[in-house]
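**Student:**
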Amino acid sequence: MRTILLLFCSNLFMTYAWYGHLKHTDIPLWKTVLLSWGIAFFEYCFQVPANRYGALEGFSGFQLKTIQEVVSLTIFAAFAVLYLKEPLRWNYLASFVCILGAVYFMFKK
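If you read the sequence shown in my numbering, its first letter stands for residue 1, the second for the next number, and so on.
1) Given residue 51, which residues of its chain have a CB within under 6 Å of its CB, disregarding the five upstream and five downstream residues?
2) In the DSSP assignment, the alpha helix (DSSP H) including residue 52 goes from what residue to what residue?
3) With H, G and I counted as helix, E and B as strand and the rest as coil, what does DSSP make of residue 24?
4) In chain order, what residues of the same chain have a beta carbon less than 8 Å from the beta carbon of residue 69, not counting five sequence neighbours either side?
5) Grouping DSSP H, G and I as helix and E and B as strand, with all else coil, what is residue 83?
6) For the alpha helix (DSSP H) that contains residue 95, what are its first and last residues?
7) For residue 46, I'd like the list of residues in its chain whose CB is within less than 8 Å of its CB, leaving aside the five on either flank, ordered along the chain.
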């Protein structure tokens, strides 16, 4: 659970660093890049421990990456709808269901 919580925090920072500037296109790109790098620092402060603890808890690298992608897509979907004001279309939801299928197979013994 600690791994997933840390990945959740990491992805909050990552999503804002990567996509938050889309609502502020009046800021010069070079400033946006520097600001995003600064925000991404905090992403790494959560991501690296999440992967370390996850490995110690018995997750494989493949499993950690799969968990990270699901968390990332979940946070991004909320971010896109709430912050970017983009619609959540049926085909986006269908693609998420396919990814959940990948999670099933990743953790199947």
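We put the CB at the ideal spot given by N, CA and C, even for glycine.
**Tutor:** Here's the rundown:
1) Along the sequence shown, read from residue 1 onward, the residue named residue 51 stands at position 51. Residues of the same chain with a CB within less than 6 Å of the CB of residue 51, apart from the 5 flanking positions on each side, are 64 in chain order.
2) Looking up residue 52 in the sequence shown gives position 52. Here the alpha helix (DSSP H) through residue 52 covers 29–56.
3) Along the sequence shown, one-based indexing puts residue 24 at 24. Coil.
4) As a first step, residue 69 must be located in the sequence shown, where it is residue number 69. Taken in chain order, the residues that qualify are 99.
5) Your numbering for residue 83 matches position 83 in the sequence shown. In this structure, residue 83 counts as coil in the three-state DSSP scheme.
6) In the sequence shown, the residue the question calls residue 95 occupies position 95. That run of the alpha helix (DSSP H) goes 90–107.
7) For the purposes of this step, residue 46 is identified with residue 46 of the sequence shown, where counting begins at 1. Once the five neighbours on either side are set aside, the close Cβ partners of residue 46 are 6, 7, 9, 10 and 13.
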